[in-house]
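Enquirer: Can you keep this structure in mind? I'll have questions shortly.
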Amino acid sequence: MIGWLFAVGRMVGFGSAAGVRPALTLTVIGAMSLIGIGPDVQPPFVFLERWWVILIFAVLAILEGKFDNVPKLDRIQDRILVPWRIAIGGVAAAATVPHGVTGLVVGLAVGAAFGWLSQSVKHGSRPIQPPSGLAVALISLSEDLYALGGVVATAIFSPLGYAFAAVNIWLYVRLRRRRRRRYRTKRGLADGS
23 MIGWLFAVGR
33 MVGFGSAAGV
43 RPALTLTVIG
53 AMSLIGIGPD
63 VQPPFVFLER
73 WWVILIFAVL
83 AILEGKFDNV
93 PKLDRIQDRI
103 LVPWRIAIGG
113 VAAAATVPHG
123 VTGLVVGLAV
133 GAAFGWLSQS
143 VKHGSRPIQP
153 PSGLAVALIS
163 LSEDLYALGG
173 VVATAIFSPL
183 GYAFAAVNIW
193 LYVRLRRRRR
203 RRYRTKRGLA
213 DGS
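The letter at position 126 of the sequence shown is residue 148 when you use our numbering, and the numbering goes up by one with no holes.
Following this line, the structure appears as structure tokens:
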């Protein structure tokens with residue numbers, strides 16, 4: 023039972039990080055497993071420990087971080103990368119779960135769900151018209167730090183994944199309330215009330 027508690031912590035933590043920065047998440051998971059300070063990558067995903075795979079994901083992480091700083095491409099990139107973030111959320115969550123086929127299936131489902139949740143928060147928290155390029159760069163930096171901190175903390179102590187998932191859930195609920203309040207106000211103005 024304790025094994026599952028730690029495994030689910032890794033699932034939600036890695037899935038949350040992958041929804042924001044998928045390539046960075048897999049880079050850190052593979053590197054930490056390779057050097058022995060993180061959880062071991064399980065047999066279907068052992069390829070994540072190979073140095074050339076880590077290098078490919080590191081290059082993808084750099085490219086993703088750079089393209090994320092271009093305000094004109096931000097909304098388009100977010101919409102195009104939704105399937106990538108959801109899929110990598112599932113892979114990141116399932117990669118370290120040692121509970122056989124059941125762990126694999128649960129990891130893929132939970133990771134994909136939290137990958138979607140993180141992607142939704144990322145998309146909803148960015149301004150449609152950013153005030154300046156500096157604002158976009160700072161938002162992107164905070165997302166990088168969230169993903170990196172989430173993966174490293176979850177890899178070192180799995181229950182910390184619950185904290186990162188809780189932050190994500192809190193932001194999602196807050197964004198939904200804000201959006202609902204804004205549209206109620208607009209609808210009230212349109213009705214003339």
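The C-beta atom is built at its ideal place from N, Cα and C for all residues, glycine as well.
These numbers come from a predicted model, not from an experiment.
Check this for me: beta carbons of L103 and P152, under 9 Å apart or not?
Expert: Not closer than 9 Å, so no.
Enquirer: Determine contact between the segment 190-205 and the segment 67-75, defined as no fewer than three beta-carbon pairs at a distance below 8 Å.
Expert: No, the segment 190-205 does not touch the segment 67-75.
Enquirer: At a cut of 8 Å, does the segment 135-149 reach the segment 109-126 through at least three beta carbon pairs?
Expert: Flag = yes, the segment 135-149 and the segment 109-126 touch.
Enquirer: Between S154 and N91, how many whole angstroms is the CB-CB distance? I'm expecting something under 8 Å.
Expert: Going by Cβ atoms, the distance from S154 to N91 rounds to 12 Å, so no, they are not a contact pair.
Enquirer: For V173 and L56, I'd like the C-alpha separation in whole angstroms.
Expert: The alpha-carbon atoms of V173 and L56 are separated by roughly 15 Å.
Enquirer: Using 8 Å as the cut-off, can you tell me whether the segment 116-129 makes contact with the segment 27-36, which would need three or more C-beta pairs spanning the two stretches below that distance?
Expert: Short answer: they touch.
Enquirer: In whole angstroms, what separates the C-alpha of V158 from that of I59?
Expert: For V158 and I59, the distance between alpha carbons rounds to 33 Å.
Enquirer: Taking the alpha-carbon of Y194 as reference, which of R97, A115, R148, F28 has the nearest alpha-carbon?
Expert: Here the closest residue by C-alpha is R148.
Enquirer: Output the distance between the C-alpha atoms of T176 and I51, rounded to the nearest integer angstrom.
Expert: Near 10 Å, if we compare the C-alpha coordinates of I51 and T176.
Enquirer: Helix, strand or coil for N190, going by three-state DSSP, please let me know.
Expert: Three-state DSSP puts N190 in a helix.
Enquirer: Measure the alpha-carbon distance for A80 versus T49 and round it to whole angstroms.
Expert: Cα to Cα, A80 sits roughly 6 Å from T49.
Enquirer: To the nearest angstrom, report how far apart V30 and P120 are at their CA atoms.
Expert: So the two alpha carbons sit approximately 11 Å from each other.
Enquirer: Between the beta-carbon of T47 and the beta-carbon of A53, is there less than 9 Å?
Expert: No.
Enquirer: Residues in the same chain with beta-carbon distance under 8 Å from A134, minus the five sequence neighbours each way, listed in chain order, please.
Expert: Result list for A134: G37, I108, A109, G111, G112, A115, in chain order.
Enquirer: For R32 versus T118, is the C-beta distance shorter than 9 Å?
Expert: Yes, Cβ-Cβ distance for R32 and T118 is below 9 Å.
Enquirer: Three-state secondary structure (DSSP) at L139?
Expert: L139 falls in the helix class under three-state DSSP.
Enquirer: With distance defined between alpha-carbon atoms, name the residue in I78, D100, F28 nearest to L182.
Expert: For L182, the nearest C-alpha among the options comes from F28.
Enquirer: Quick check on the DSSP output: the alpha helix (DSSP H) that includes R97 runs from which residue to which?
Expert: Unbroken alpha helix (DSSP H) run through R97: 96-102.
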